[in-house]
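**Q**
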Amino acid sequence: GQNIDQPTEMTATEGAIVQINCTYQTSGFNGLFWYQQHAGEAPTFLSYNVLDGLEEKGRFSSFLSRSKGYSYLLLKELQMKDSASYLCAVGDNAGNNRKLIWGLGTSLAVNP
Amino acid sequence: EADIYQTPRYLVIGTGKKITLECSQTMGHDKMYWYQQDPGMELHLIHYSYGVNSTEKGDLSSESTVSRIRTEHFPLTLESARPSHTSQYLCASSGVGAGSYNEQFFGPGTRLTVL
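These protein sequences, in sequence, are chains A and B.
According to this note's numbering, the first sequence is numbered sequentially starting from 1.
According to this note's numbering, the second sequence is numbered sequentially starting from 1.
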C-alpha cells in the first residue's frame, strides 16, 4: 500500500532549530514535496526533492534518501510565524507528479 | 505569486440548495484538483482533471461533480447540499513551467457551511 508517516505535533522554541521527519512507502516515486499550511489558510509550496541529498533555501532545508524512503524538513532560526502545519507529499509514478499522496501533516508550535 | 482564485470565500446555505464553487487559474496549468479539508485534518482529494474534458474522481468519495470545459476553469457543483458537506474546499493547479517542479498551487479556499 501507499503510506506517508510524519509526527502529529512538535514544539520548539523561538530561535532554535527543528527537524520534521517524513517516511514514505509508495508504489512509485517521482519526487517529494514539503508544504506549509497556516491555520485556516491554503498550503503553500516550500521545497521539492527528487534526488538524494540536501536542498537549502534560506532558513529552510529539505533532505531526501530514496533508498530509506525518508525525508526531513529542517527549519533554522525559528520565528513565531513558523507556527503552522507542515505537510509531506510524494508524487506518484504516473509522470509529472500528476497526483500527490499527502501525509497528515505535522503541527509545529513555536514558543517564545 | 500563484494566480489561482476561488469564489466565494465563505458560503452559508440551507440544506437542499444547489451550489457551485468556482475556481480559476491564469497560469495555463493543465492539471487542476479539488480537495476537501476539515479544520486541523488531512487533505482529501475529491476530484481532479488532467486537461480539458478530462475529469476523474479522487480518493475520497464525494457527492459533488466537476467540469473542465476551459483550461482555466474548474467549477465544483453540489446538487443538494447537506450539513455533512460543511468543510473547507481547496482548489489547486499544477503544470509545466519555467523553474516548475509540477508543484501544486492552491487557491485561498471556500469555507462552506450547510445549515
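Ideal placement from N, C-alpha and C gives every residue a C-beta, glycine not left out.
Source: prediction; values computed, not measured.
Consult DSSP for residue 81(A) and reduce its assignment to one of helix, strand or coil.
**A** Helix, per DSSP.
**Q** Cβ atoms of residue 21(A) and residue 72(A): under 7 Å apart, would you say?
**A** Yes, the Cβ-Cβ distance between residue 72(A) and residue 21(A) is below 7 Å.
**Q** Mind listing the chain A neighbours of residue 108(B)? Cutoff is C-beta to C-beta under 8 Å, in chain order.
**A** Those within 8 Å of residue 108(B) in chain A are 41 and 42.
**Q** What does residue 51(B) pair with, by DSSP beta-bridge criteria?
**A** In the DSSP output, where bridge partners are listed per residue, residue 51(B) has 54(B).
**Q** What residues match up with residue 107(A) in a beta bridge as DSSP calls it?
**A** Answer is 9(A) and 85(A).
**Q** Would a C-beta distance cut-off of 7 Å place residue 150(A) and residue 103(A) closer than the cut-off?
**A** What the structure shows of chain A is the stretch from 1 to 112, and residue 150(A) is not part of that stretch, so it cannot be assessed.
**Q** Quick one: measure Cβ to Cβ for residue 92(B) and residue 13(B), integer angstroms, because I've assumed they're closer than 8 Å.
**A** With a Cβ gap of about 24 Å, residue 92(B) and residue 13(B) do not count as contacting.
**Q** Taking 7 Å as the threshold (beta carbon to beta carbon), is residue 90(B) in contact with chain A?
**A** Yes, contact with chain A.
**Q** As a quick exercise: from 75(B), 85(B) and 102(B), pick the residue whose alpha carbon is nearest that of residue 48(A).
**A** It is 102(B).
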